[in-house]
Amino acid sequence: MVRYILKRLIIMIPIIVGITLIVFAILNYTPGDAATLILGFDATEASLDALRAKLKLDDPFMVRYVRYLVGLLKGDLGISWRHNTPVAAELMNRIPNTLGLAAYAVTVMLILGIPMGIISAVRQYSLLDHTTLFIALLMTSIPTFWLALMMMLKFSLELGILPATMPTSAAITWKHWVLPTFMCSANLTASTVRTTRSNMLEVIRSDYIRTAKSKGAGQFRVIMYHALRNALMPVVTIVGINFNVLMGGAVITEQVFNISGVGNLLISSVRTKDAPMAMGCIIFIATVIGIVNLLVDLLYVFINPRLKSMYVRNNAAKEES
Amino acid sequence: MYDKLLEINNLHVNYKTADDVVYAVNGLNLSVRKGETLGLVGETGSGKTTVALSILKLLPEKIGFISNGRIWFESVDITKTSEKEMRRVRGEQISMIFQDPMTSLNPTIRVGEQIAENLLLHKKDMTKKQISDRVDEILRLVGLTKEKKNDFPHQLSGGMKQRVVIALALACEPKLLLADEPTTALDVTIQAQVLSMMHKLKEKLDTSMILITHDLGVVANNCDRVAIMYAGQIIEEGNIRDIFTAKHHHPYTLGLFGSIPDMSKKTRRLAPIDGMMPDPTNLPDGCHFWPRCTDRMDVCKMCEPNPCYKDTHMIKCHLYKDLYNERGKDYIVGKDE
Numbered sequence: 000m001v002r003y004i005l006k007r008l009i010i011m012i013p014i015i016v017g018i019t020l021i022v023f024a025i026l027n028y029t030p031g032d033a034a035t036l037i038l039g040f041d042a043t044e045a046s047l048d049a050l051r052a053k054l055k056l057d058d059p060f061m062v063r064y065v066r067y068l069v070g071l072l073k074g075d076l077g078i079s080w081r082h083n084t085p086v087a088a089e090l091m092n093r094i095p096n097t098l099g100l101a102a103y104a105v106t107v108m109l110i111l112g113i114p115m116g117i118i119s120a121v122r123q124y125s126l127l128d129h130t131t132l133f134i135a136l137l138m139t140s141i142p143t144f145w146l147a148l149m150m151m152l153k154f155s156l157e158l159g160i161l162p163a164t165m166p167t168s169a170a171i172t173w174k175h176w177v178l179p180t181f182m183c184s185a186n187l188t189a190s191t192v193r194t195t196r197s198n199m200l201e202v203i204r205s206d207y208i209r210t211a212k213s214k215g216a217g218q219f220r221v222i223m224y225h226a227l228r229n230a231l232m233p234v235v236t237i238v239g240i241n242f243n244v245l246m247g248g249a250v251i252t253e254q255v256f257n258i259s260g261v262g263n264l265l266i267s268s269v270r271t272k273d274a275p276m277a278m279g280c281i282i283f284i285a286t287v288i289g290i291v292n293l294l295v296d297l298l299y300v301f302i303n304p305r306l307k308s309m310y311v312r313n314n315a316a317k318e319e320s
Numbered sequence: 000m001y002d003k004l005l006e007i008n009n010l011h012v013n014y015k016t017a018d019d020v021v022y023a024v025n026g027l028n029l030s031v032r033k034g035e036t037l038g039l040v041g042e043t044g045s046g047k048t049t050v051a052l053s054i055l056k057l058l059p060e061k062i063g064f065i066s067n068g069r070i071w072f073e074s075v076d077i078t079k080t081s082e083k084e085m086r087r088v089r090g091e092q093i094s095m096i097f098q099d100p101m102t103s104l105n106p107t108i109r110v111g112e113q114i115a116e117n118l119l120l121h122k123k124d125m126t127k128k129q130i131s132d133r134v135d136e137i138l139r140l141v142g143l144t145k146e147k148k149n150d151f152p153h154q155l156s157g158g159m160k161q162r163v164v165i166a167l168a169l170a171c172e173p174k175l176l177l178a179d180e181p182t183t184a185l186d187v188t189i190q191a192q193v194l195s196m197m198h199k200l201k202e203k204l205d206t207s208m209i210l211i212t213h214d215l216g217v218v219a220n221n222c223d224r225v226a227i228m229y230a231g232q233i234i235e236e237g238n239i240r241d242i243f244t245a246k247h248h249h250p251y252t253l254g255l256f257g258s259i260p261d262m263s264k265k266t267r268r269l270a271p272i273d274g275m276m277p278d279p280t281n282l283p284d285g286c287h288f289w290p291r292c293t294d295r296m297d298v299c300k301m302c303e304p305n306p307c308y309k310d311t312h313m314i315k316c317h318l319y320k321d322l323y324n325e326r327g328k329d330y331i332v333g334k335d336e
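Chain order of the listed sequences is A and B.
So for the first sequence, numbering that gives the first Met the number 0 puts the first residue at 0; every next one is plus one.
So for the second sequence, numbering that gives the first Met the number 0 puts the first residue at 0; every next one is plus one.
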């Protein structure tokens with residue numbers, strides 16, 4: 000198992016390097032001169048040249064890319080062109096907000112989505128089931144940013160209960176997280192409910208559930224001990240995919256609620272052609288997605304022992320050859 | 000009467016689907032005595048499994064219903080028992096060996112735990128150590144080593160899985176075992192092993208058994224009595240001699256035997272029964288077998304035959320109205336039998 004985890008972590012390296020190359024190339028070859036954007040359109044040609052020389056913008060693309068990679072290997076993400084501060088420090092400031100929001104959203108999704116899905120399946124076609132499904136369908140269909148704006152109108156402007164935007168880090172309370180978390184998790188919870196429900200329905204009609212009932216197990220035991228684990232497999236996939244969506248979606252949520260997170264930083268740095276900063280953000284997002292995917296795969300093995308033997312067999316076969 | 004463990008009277012079971020009502024069991028009468036093995040034989044779709052599921056009250060929820068009839072288990076009417084009390088009956092008093100060992104075990108739980116669960120649910124006074132010892136013992140009984148209890152179902156072969164399923168059913172030493180085609184999914188060599196093992200266990204634990212099968216060879220070797228089922232009814236019933244050696248049989252039974260290759264006779268072809276089982280949503284009037292029957296008479300299309308008895312042998316067919324005794328006239332099968 001340890002071998003497998005190591006292998007997966009090592010595979011992540013070329014993936015991230017590939018991503019850096021693509022992003023670096025896009026930032027480099029798209030129109031717009033970084034020096035002009037930094038200094039403004041009324042800057043003199045001399046000062047522009049000086050800045051270009053300082054940022055080594057005149058070197059060929061590959062030279063600059065390799066220089067960046069070497070820095071990256073040393074753990075140096077570079078200096079922001081725009082702010083003249085280290086990228087790593089700025090990222091460290093932003094990461095807690097982004098990861099925090101994702102964690103809140105996933106937590107809400109798990110503690111609401113899975114139980115609702117189970118109850119819906121067990122009480123199939125009941126009023127509760129219909130209501131849950133209706134709300135879930137509504138939440139998947141409504142664009143969440145629109146929903147977020149509506150919630151802001153209602154709860155922030157009209158009722159004045161919840162703040163609409165995030166203040167500077169010192170003044171953040173739990174109230175500030177309510178609307179962003181809701182916006183992030185509404186969609187995800189809905190899809191979790193639907194996946195859990197449909198898998199549960201399939202599992203509770205299976206032969207081994209009948210076997211469990213024939214042993215005299217009560218409904219609660221049948222559902223929690225026998226069915227849930229088998230029904231959770233696809234739900235784990237959904238959670239993994241959703242976490243990735245969250246990372247990408249952070250860009251929108253953070254804009255809407257003015258959260259100073261990685262997504263917001265990414266947008267502003269792309270706008271200003273702040274290449275080191277944008278690269279830092281992308282590397283962070285790519286790494287998180289890679290790690291979450293690995294965790295999801297490990298969770299599969301934990302949930303379904305059958306997969307474990309598959310990994311072992313693969314490794315054994317490779318060792319032989 | 001008093002040695003009867005299970006008695007089913009006039010059982011009707013329906014499956015209600017969106018557009019149809021499936022009449023799976025239609026007025027079935029059956030009894031099982033203590034320590035006896037009853038073979039329940041019939042084609043696919045004749046309602047054998049439905050009968051077994053009705054006894055455990057495990058018909059698919061919201062689809063399968065017992066619409067009429069009584070199932071007496073000892074002195075309890077199972078059709079009137081609450082779900083909570085049924086839970087105490089299932090697994091401890093009556094347990095079932097399911098048809099398909101491949102899908103009947105939970106893929107995410109170790110087989111030892113799956114066997115232990117039965118004890119955990121019913122033998123509340125057993126300690127962990129006692130339960131684990133009992134699991135080892137029951138695994139040994141079904142011919143598996145105790146190391147196998149730490150395996151997951153996918154690590155076992157089909158035959159081993161079926162042994163685990165049997166071990167599961169026997170864990171609490173039930174009074175009645177419902178074996179639903181326990182060997183159908185296995186190849187022939189394993190079939191013989193599993194059957195002889197079940198036979199030994201049954202003797203040892205003095206369990207009654209309903210052996211559901213469509214294999215008459217299995218019936219001949221393992222059963223004390225045989226009931227032949229067609230379209231949700233028992234159409235012929237008797238002890239093993241009545242079915243295999245008596246002169247008179249229900250035309251359907253003759254058809255069943257005609258479908259087995261007989262090595263002692265020279266025939267070019269088998270003589271299977273023509274036609275298919277009637278559509279259970281739309282059963283024919285009269286005797287359910289008449290559309291396929293070679294000896295059909297006009298009366299068969301009109302009214303359902305009564306069961307006719309001769310000693311222990313029952314045939315439900317108009318042909319034997321005079322040869323055998325109809326119930327209610329001079330009913331000669333003693334309750335003593």
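Don't be surprised by glycine CBs; every beta carbon is placed ideally from N, CA and C.
Query	Result
In chain B, which residues lie with their C-beta within 8 Å of the C-beta of A/R209?	L57, F97, S103
Taking C-alpha atoms, which residue in B/E82, B/A166, B/I108, B/F151 lies nearest to B/V134?	B/A166
For a quick check, are the C-beta atoms of A/A34 and A/A274 less than 8 Å apart?	no
Less than 8 Å separating the beta-carbons of B/V75 and B/S53?	no
Three or more C-beta pairs under 8 Å: does that hold for the stretch 73-85 of chain A against the stretch 273-289 of chain A?	yes
Can you check the stretch 25-84 of chain B for any alpha helix (DSSP H) of at least 4 residues that lies completely inside it and give the ranges in chain order?	47-55
Could you tell me if the beta carbon of B/G44 falls within a distance shorter than 7 Å of some heavy atom in the ligand NAD?	Ligands displayed in this structure: none; no statement on the ligand NAD is therefore possible.
Taking 6 Å as the limit between beta carbons, can you name the residues of its chain near A/V86, skipping five residues before and five after?	L76, G77, S79, P275, M276, G279
So, using beta-carbon positions, are B/P306 and B/A230 closer together than 8 Å?	no
Quick one: does A/H225 have its CB under 8 Å from some CB of chain B?	yes
Flag A/D206 as yes if its beta-carbon sits less than 8 Å from any beta-carbon of chain B, otherwise no.	yes
Please classify A/H129 as buried or exposed, where buried requires at least 16 neighbouring CB atoms within 10 angstroms.	exposed
Using 8 Å as the limit for Cβ to Cβ distance, is B/N337 near chain A?	Because chain B in this structure spans residues 0 to 336, residue 337 of chain B falls outside the shown range and cannot be described.
Let me confirm a value: A/M223 is counted as buried when at least 16 other C-beta atoms fall within 10 Å, else exposed. Which label applies?	exposed
Which one of A/I117, A/V250, A/L36 has the shortest CA to CA distance from A/R51?	A/L36
Return the CA-CA distance between A/L264 and B/R109, expressed in angstroms with no decimal places.	49 Å
Within 8 Å of any Cβ in chain B, is that where the Cβ of A/P233 sits?	no
Could you tell me the boundaries of the alpha helix (DSSP H) in which B/Y229 lies?	Unbroken run through B/Y229 is the beta strand (DSSP E), 224-229; no alpha helix (DSSP H).
What alpha helix (DSSP H) runs, 4 residues minimum, are completely inside the stretch 176-205 of chain A?	none
Tell me the rounded alpha-carbon separation between B/S131 and B/A115.	7 Å
Applying the criterion that 16 or more other CB atoms from any shown protein chain within 10 Å of the CB defines a buried residue, is A/A88 buried or exposed?	exposed
For a quick check, are the C-beta atoms of A/V192 and A/M115 less than 8 Å apart?	yes
Could you tell me the distance, in whole angstroms, from the CA atom of B/I242 to the CA atom of B/A226?	9 Å
Here's a check: name, in chain order, each residue in its chain whose Cβ is nearer than 6 Å to the Cβ of A/M0, leaving out the five neighbours to either side.	none
Pull up the DSSP beta-bridge partners for B/D179, would you.	B/I211
Along the chain, where does the beta strand (DSSP E) that runs through B/H340 open and close?	Because residue 340 of chain B is not part of the residues shown, which for chain B are 0 to 336, the question remains open.
With distances taken between CB atoms, is the gap from A/F144 to A/V255 smaller than 8 Å?	yes
Quick check: what's the CA-CA separation for B/P260 versus B/I272?	14 Å
Output the distance between the C-alpha atoms of A/G247 and A/I94, rounded to the nearest integer angstrom.	14 Å
Consult DSSP for B/V141 and reduce its assignment to one of helix, strand or coil.	coil
I need the DSSP call for B/E116, collapsed to helix, strand or coil.	helix
Using only CA atoms, which one of A/V221, A/I208, A/R7, A/S268 lies nearest to A/V250?	A/S268
Any idea if B/E180 is buried or exposed, counting beta-carbon neighbours within 10 angstroms, 16 or more meaning buried?	buried
Bridge partners of B/G216, per DSSP?	DSSP, once it has assigned bridges, lists no residue as partnering B/G216.
Run down chain A in chain order and give the residues with a C-beta less than 7 Å from the C-beta of B/R162.	Those do not exist, as B/R162 stays about 14 Å from chain A at its closest Cβ, beyond 7 Å.
Are there 16 or more other CB atoms within 10 angstroms of the CB of B/Y319, so buried, or fewer, so exposed?	buried
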